[in-house]
Amino acid sequence: MGEACSPGPSGAASPSSGLRRLSSDFRVPFPAPARGRDRMLPKRRRAQVGAPGDPASSEARFPGVAIYLAEPHMGRSRRAFLTRLALSKGFRVLDAYSSEVTHVVMEQTSAEEASHWQEHRAATASPQRCSRPALLDISWFTESMAAGQPVPVECRHRLEVAAPRKGLPCPARMLPYACQRPTPLTHHNSSLSEALEMLAEAAGFEGSEGRFLSFRRAAAVLKALPSPVTALSQLQGLPHFGEHSRRVVQELLEQGVCEEVERVRLSERYQTMKLFMGIFGVGVKTADRWYREGLRTLDSLQEQPQRLTQQQKAGLQHYRDLSTPVQRPDAEALLQLVKAAVAPILPGATVTLAGGFRRGKLQGHDVDLLLSHPQEGREAGLLPKVMQCLEKQGLVLYQQHHRGGCGHAEPPPRQSHPMDAFERTFCILGLPQPSGVPVGSTQGPCPTRKAVRVDLVAVPISRLPFALLGWTGSKHFQRELRRFCRKERGLWLNSCGLFDPEQKMLFHAASEEDIFRHLGLEYLPPEQRNA
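Residue numbers for the sequence shown follow full-length UniProt numbering, so the first one is 1 and each next one is one higher.
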């Protein structure tokens with residue numbers, strides 16, 4: 001998980017007009033009224049827009065014009081309002097993008113974004129179509145509404161990108177935020193992105209947040225490209241690619257190796273910081289302090305146990321297992337183990353595997369499990385009972401429980417960790433191996449087991465979509481999503497919810513798709529969030 005979202009500075013960009021027009025059906029005032037017990041957040045009513053077969057469409061005054069209002073940057077409620085306006089004036093508005101569309105209208109969208117959007121939807125159009133619809137700014141729409149008829153399309157209305165000159169590598173188009181673009185797990189530029197990520201990690205070790213973010217964002221852009229980078233010219237126009245990142249990529253393309261990257265990789269400080277931060281419970285500040293005090297090895301730490309917290313002692317004790325990647329079969333086995341413990345304690349409760357495994361990864365450094373129940377509040381107090389059940393099986397090697405306080409009628413907390421407000425248990429479980437006692441057995445301690453880091457989080461059902469989105473990751477995807485919310489929408493987002501600090505409003509969401517719709521973003525499934 002990434003950090004919790006905090007409101008942007010007073011000078012941040014104001015929220016878009018589209019989002020500010022979200023109807024009250026999408027929001028819940030804070031605090032929510034209560035009568036006896038806390039009330040659930042009201043469900044959102046689905047906005048109805050025009051469709052090709054509805055009466056309004058069949059009575060269009062201008063049959064040669066079929067408008068499609070692109071939702072990204074516009075917002076669902078704003079789109080519904082504009083659709084009703086157009087239908088009332090006799091325009092034909094299509095609810096779905098198809099070969100019938102003649103005019104695509106976008107709001108607050110650059111020419112590059114518009115072209116990229118159209119390319120992704122070209123496959124949905126009829127193969128017989130010989131031309132593409134006009135990509136138009138909202139100004140054409142507003143002028144047409146004022147005139148009561150379609151106005152002629154002028155150059156100032158069009159969202160067009162100049163065609164590249166022949167003979168030159170074609171630069172890729174890229175939206176600025178990682179949450180706006182799909183990023184698959186397997187991509188075309190692994191060697192380049194890994195080099196930049198190493199430099200980002202090293203910058204983080206030095207406390208240089210600016211350099212850390214610069215390298216991370218450049219690496220995320222490379223991961224999202226649809227083809228391999230073979231020439232520096234392909235980086236032209238890409239967001240977040242500064243001179244330093246370009247120089248690193250150029251060296252790798254021309255020489256196959258980057259001197260700066262190799263220098264970092266072989267440095268004593270980088271290797272020592274990596275070693276220490278591989279210990280459960282050790283962060284950058286602690287690892288840096290140990291390094292500055294002259295410590296370099298795990299043995300030197302074991303000789304000074306007074307330096308260690310109980311969490312760090314457990315991490316050092318099980319270092320070999322915890323530093324070995326957790327394979328997907330082990331994650332699935334732990335999921336079943338916890339489900340078996342939960343079922344008799346709270347029938348109907350759900351246990352969901354989150355983290356990198358939900359994004360399609362085959363291995364990871366820990367296992368994140370979200371526990372919930374269809375009835376709000378029933379999940380409270382569940383974790384201690386589950387841990388007690390696992391302890392009876394001799395599977396708990398270490399545990400640290402944190403009580404939560406994030407109610408369903410409260411705004412997302414402004415804290416350093418996005419899950420600080422949920423009840424959770426960070427633990428190390430001894431997963432039985434094939435030669436030991438089978439998973440779910442109650443026969444007591446297992447002589448053959450592997451230590452695995454597991455995070456158990458109890459989530460109220462009203463907050464589950466937000467928690468699932470946050471704990472699925474990736475860290476950079478979440479960081480970018482919160483940055484988008486803050487800078488482009490003026491909202492707070494974390495794993496507890498989505499909150500409008502100006503209107504004191506919580507947004508209701510029944511699914512992750514709802515959250516993306518609230519933000520005017522195209523939905524990206526978990527496997528496309530590997531930024």
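Built from N, CA and C at the ideal position, the CB exists for glycine as well.
For this session: Answer yes or no: do L199 and F215 have a C-beta to C-beta separation smaller than 8 Å?
Result: Numbered from its first residue, the sequence shown carries residue 199 at position 199. Numbered from its first residue, the sequence shown carries residue 215 at position 215. Yes, the pair counts as a contact, with Cβ atoms nearer than the cut-off.
Problem set entry | L397 and I428 closer than 8 Å at C-beta | The count along the sequence shown starts at 1 and reaches residue 397 at position 397. The count along the sequence shown starts at 1 and reaches residue 428 at position 428. Yes, these two residues count as a Cβ contact at 8 Å.
Exercise. Can you tell me the Cα-Cα spacing of Q250 and T230, whole angstroms?
Worked result: Start at 1 with the first residue of the sequence shown, and residue 250 comes out as number 250. Start at 1 with the first residue of the sequence shown, and residue 230 comes out as number 230. Near 9 Å, if we compare the C-alpha coordinates of T230 and Q250.
Exercise. Using CA coordinates, which residue listed in Q399, C485, R482 is at the minimum distance from V452?
Worked result: Along the sequence shown, one-based indexing puts residue 452 at 452. The shortest Cα separation from V452 among Q399, C485, R482 belongs to Q399.
Exercise. In chain order, what residues of the same chain lie with their CB nearer than 8 Å to the CB of E522, ignoring the 5 residues before and after it?
Worked result: Taking the first residue of the sequence shown as 1, we reach residue 522 at position 522. Once the five neighbours on either side are set aside, the close Cβ partners of E522 are E71, P72, Q180, F516.
For this session: List the endpoints of the continuous beta strand (DSSP E) containing I428.
Result: To locate residue 428, count along the sequence shown from 1; it is residue 428. 423–432 is the span of the beta strand (DSSP E), which, as asked, contains I428.
Exercise. What are the boundary residues of the alpha helix (DSSP H) that G315 is part of?
Worked result: Position 315 of the sequence shown, counted from the first residue, corresponds to residue 315. Here the alpha helix (DSSP H) through G315 covers 310–317.
For this session: Please determine if the segment 473–488 and the segment 522–531 are in contact, where contact requires at least 3 C-beta pairs separated by less than 8 Å.
Result: Yes, since at least three Cβ pairs between the segment 473–488 and the segment 522–531 fall closer than 8 Å, the two stretches touch.
For this session: State the Cα-Cα distance for the pair L506 and F422, rounded to the nearest angstrom.
Result: Stepping through the sequence shown from its first residue, residue 506 is reached at position 506. Stepping through the sequence shown from its first residue, residue 422 is reached at position 422. The straight-line gap from Cα to Cα measures roughly 17 Å.
For this session: Using a Cβ cut-off of 8 Å (strictly closer), state whether Q302 contacts chain E.
Result: The question asks about chain E, but that chain is absent: this structure has only one protein chain.
Exercise. When burial is assigned at 16 or more other CB atoms within 10 Å of the CB, is A80 buried or exposed?
Worked result: On the sequence shown, residue 80 is found 80 positions in, with the first residue counted as 1. A80 counts as buried, since no fewer than 16 other beta carbons sit within 10 angstroms of its beta carbon.
Exercise. In terms of alpha-carbon separation, which member of S99, G348, R424 lies closest to V457?
Worked result: On the sequence shown, residue 457 is found 457 positions in, with the first residue counted as 1. Among S99, G348, R424, the Cα nearest to that of V457 belongs to R424.
For this session: Round the Cβ separation of E100 and A66 to the nearest angstrom and send it over; I've been treating them as touching at under 8 Å.
Result: Translated into the one-based positions of the sequence shown, residue 100 becomes position 100. Translated into the one-based positions of the sequence shown, residue 66 becomes position 66. E100 to A66, Cβ: 5 Å. Contact.
Exercise. Is it the case that the Cβ atoms of F280 and W290 are separated by a distance below 8 Å?
Worked result: On the sequence shown, residue 280 is found 280 positions in, with the first residue counted as 1. On the sequence shown, residue 290 is found 290 positions in, with the first residue counted as 1. Contact: no.
For this session: Just the C-alpha distance for S88 and E513, rounded to the nearest angstrom, thanks.
Result: In the sequence shown, the residue the question calls residue 88 occupies position 88. In the sequence shown, the residue the question calls residue 513 occupies position 513. When rounded, the distance between both Cα atoms is 29 Å.
Exercise. Thinking C-alpha only, which one of G242, G360, E112, V351 is nearest I461?
Worked result: Along the sequence shown, read from residue 1 onward, the residue named residue 461 stands at position 461. Among G242, G360, E112, V351, the Cα nearest to that of I461 is on V351.
Problem set entry | Residues of its chain near A60, where Cβ-Cβ distance is below 7 Å and the 5 sequence neighbours each way are ignored | On the sequence shown, position 60 is the one that residue 60 refers to. Same-chain partners within the cutoff: G90, F91, R92.
For this session: Mind checking who F499 pairs with in its DSSP beta bridge?
Result: Translated into the one-based positions of the sequence shown, residue 499 becomes position 499. In the DSSP output, where bridge partners are listed per residue, F499 has W492, L506.
For this session: Measure the alpha-carbon distance for T448 versus S323 and round it to whole angstroms.
Result: Taking the sequence shown and counting its residues from 1, the one referred to as residue 448 is at position 448. Taking the sequence shown and counting its residues from 1, the one referred to as residue 323 is at position 323. The straight-line gap from Cα to Cα measures roughly 18 Å.
Exercise. Quick one: complete beta strand (DSSP E) runs, 3+ long, within the UniProt domain "BRCT" (57–154)?
Worked result: 66–69, 103–106, 134–137
Problem set entry | C-alpha gap between Q327 and R320, whole angstroms | What you label residue 327 is simply residue 327 of the sequence shown in a count that begins at 1. What you label residue 320 is simply residue 320 of the sequence shown in a count that begins at 1. The alpha-carbon atoms of Q327 and R320 are separated by roughly 15 Å.
Exercise. Identify the residues that DSSP records as bridge partners of H365: which are they?
Worked result: Reading the sequence shown from its first residue, position 365 is the one you call residue 365. None; H365 has no bridge partner.
Exercise. At which residues does the beta strand (DSSP E) containing H402 begin and terminate?
Worked result: Taking the sequence shown and counting its residues from 1, the one referred to as residue 402 is at position 402. Element bounds for H402: 396–402.
For this session: May I ask you to report which of helix, strand or coil DSSP gives L222?
Result: The residue you call residue 222 lines up with position 222 of the sequence shown. Helix.
Problem set entry | Alpha carbon of D368 to alpha carbon of R358, nearest angstrom | Position 368 of the sequence shown, counted from the start, is the residue given in the question as residue 368. Position 358 of the sequence shown, counted from the start, is the residue given in the question as residue 358. Going from the Cα of D368 to the Cα of R358 covers about 10 Å.
Exercise. Where does C155 land, buried or exposed, given buried means 16+ other C-beta within 10 angstroms?
Worked result: Here residue 155 corresponds to residue number 155 of the sequence shown, with the count starting at 1. Exposed, because fewer than 16 other Cβ atoms sit within 10 Å of the Cβ of C155.
Exercise. Which of helix, strand or coil does DSSP assign to T472?
Worked result: Along the sequence shown, one-based indexing puts residue 472 at 472. Looking at T472 - three-state DSSP - the assignment turns out to be helix.
Exercise. Secondary structure at A195, three-state DSSP: helix, strand or coil?
Worked result: Here the question's residue 195 lines up with position 195 in the sequence shown. In this structure, A195 counts as helix in the three-state DSSP scheme.
Exercise. What is the residue span of the beta strand (DSSP E) that T352 lies within?
Worked result: Locating residue 352 in the sequence shown gives position 352, counting from the first residue. Where T352 is concerned, the enclosing beta strand (DSSP E) stretches over 350–353.
Exercise. Relative to the C-alpha of S245, which residue among G355, L337, L222 is closest?
Worked result: On the sequence shown, residue 245 is found 245 positions in, with the first residue counted as 1. Nearest of G355, L337, L222 to S245, Cα basis: L222.
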